[in-house]
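Enquirer: Before anything else, here's the structure in question.
This is the structure we're talking about:
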């Protein structure tokens with residue numbers, strides 16, 4: 001089946017540790033996105049990429065890093081510099097271009113203790 | 114800069130009532146697209162509709178309808194004869210610009226009571 005796979009679904013980490021969230025898609029999409037969802041805040045864009053080896057900061061990129069070495073993969077690292085990392089993280093992908101809808105993974109709920 | 118405002122945060126209706134979810138957007142782009150997504154309790158966002166900035170025709174799909182008005186920068190979503198299964202968080206989104214940045218509103222939590 002084609003789709004977007006985020007793993008793991010639930011992730012627990014100790015404060016001060018970096019953690020990497022996985023996002024893989026087999027839809028052959030060029031564009032990929034990472035969003036953070038907090039109660040009452042909606043979806044806020046962290047990073048996005050339109051093509052391999054290129055990515056742009058979104059609205060809340062501080063404390064996060066990404067890489068886009070392969071078309072199908074867009075991992076997100078939550079670093080120790082992120083002050084409040086506990087949240088629900090959603091990955092999405094789309095065909096490149098302004099007229100295309102994004103498809104979403106099932107999300108990863110990160111809890112930092 | 115792009116911005117999407119969903120002023121309503123929570124709406125509660127009784128089954129079979131009609132309900133309208135409001136969306137207002139801001140953008141400097143002349144070409145852009147607007148979207149609505151549904152997020153059920155499972156968490157995954159489901160795409161509902163896409164509308165481009167040059168097409169102001171209203172659209173109806175079953176019990177769902179959308180009203181796009183460029184003059185007021187609004188793209189409102191109406192559910193007719195709501196059902197319990199419509200209970201979810203609904204997001205309005207805007208995509209535009211050279212890098213196709215996709216910006217979401219804060220979402221509206223809709224609860225439909227039997």
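Chains as they are written, first to last, in our numbering: chain A, 1 to 113; chain B, 114 to 227. For glycine and all other residues, C-beta sits at the position ideal for the given N, C-alpha and C.
1. Buried or exposed: which applies to residue 176 of chain B, given that a residue is buried once 16 or more other Cβ atoms fall within 10 Å of its Cβ?
2. Can you say whether residue 199 of chain B is buried or exposed, counting buried as having 16 or more other CB atoms within 10 angstroms of its CB?
3. Closer than 8 Å, CB to CB, is residue 99 of chain A near chain B or not?
4. How should residue 226 of chain B be labelled, buried or exposed, when 16 other C-beta atoms within 10 angstroms of its C-beta is the threshold for buried?
5. Please report the residue range of the beta strand (DSSP E) in which residue 148 of chain B lies.
6. Name the residue from A:56, A:4, A:22 whose alpha carbon lies nearest to the alpha carbon of residue 77 of chain A.
7. Tell me which residue opens and which closes the beta strand (DSSP E) that residue 127 of chain B is part of.
8. When we look at the beta-carbon of residue 85 of chain A and count the other beta-carbons within 10 Å, is it buried (16 or more) or exposed?
9. By alpha-carbon positions, which one of A:28, A:93, A:101 ends up nearest to residue 47 of chain A?
10. Below 9 Å between beta carbons is the criterion; list the residues of the stretch 132-160 of chain B that meet it against any residue of chain A, in chain order.
11. With respect to the beta strand (DSSP E) encompassing residue 202 of chain B, which residues constitute its N-terminal and C-terminal limits?
12. How should residue 219 of chain B be labelled, buried or exposed, when 16 other C-beta atoms within 10 angstroms of its C-beta is the threshold for buried?
13. Label residue 113 of chain A either buried or exposed according to how many other C-beta atoms from any shown protein chain fall within 10 Å of its C-beta, with 16 as the threshold for buried.
14. Check each candidate in B:142, B:145, B:163, B:141 and name the one with the smallest Cα separation from residue 151 of chain B.
15. Going along the chain, which residues of the stretch 78-111 of chain A sit with their C-beta nearer than 9 Å to a C-beta in chain B?
16. Does DSSP put residue 5 of chain A in a helix, a strand or coil?
17. Given this structure, state the Cα-to-Cα distance separating residue 224 of chain B from residue 30 of chain A, to the nearest angstrom.
18. What residues from chain A crowd round residue 189 of chain B, counting only those whose CB sits closer than 8 Å?
19. Spatial neighbours of residue 50 of chain A within its chain, please: C-beta separation below 7 Å, excluding the five flanking residues on both sides.
20. Step through the CB atoms of chain A and report whether any lies within less than 8 Å of the CB of residue 183 of chain B.
21. Quick one, which residues of the stretch 29-43 of chain A are near chain C if we go by CB-CB under 9 Å, in chain order?
Expert: By the coordinates alone:
1. exposed
2. With 16 or more Cβ atoms within 10 Å of its Cβ, residue 199 of chain B is classed as buried.
3. yes
4. exposed
5. 145-152 is the span of the beta strand (DSSP E), which, as asked, contains residue 148 of chain B.
6. A:22
7. 123-127
8. buried
9. A:93
10. Residues 142, 144, 145, 146, 148, 150, 152, 155, 156, 157, 158, 159, 160.
11. Here the beta strand (DSSP E) through residue 202 of chain B covers 201-209.
12. buried
13. Per the 10 Å Cβ criterion, exposed.
14. B:163
15. 88, 90, 92, 94, 96, 97, 98, 99, 100, 101, 102, 103, 104, 105, 106, 107, 109
16. Strand.
17. 36 Å
18. Residues of chain A passing the Cβ test: none, with the nearest at roughly 17 Å.
19. 30, 31, 96
20. Not closer than 8 Å to any Cβ of chain A, the Cβ of residue 183 of chain B fails to qualify, so no.
21. No chain C appears in this structure, whose protein chains are A and B.
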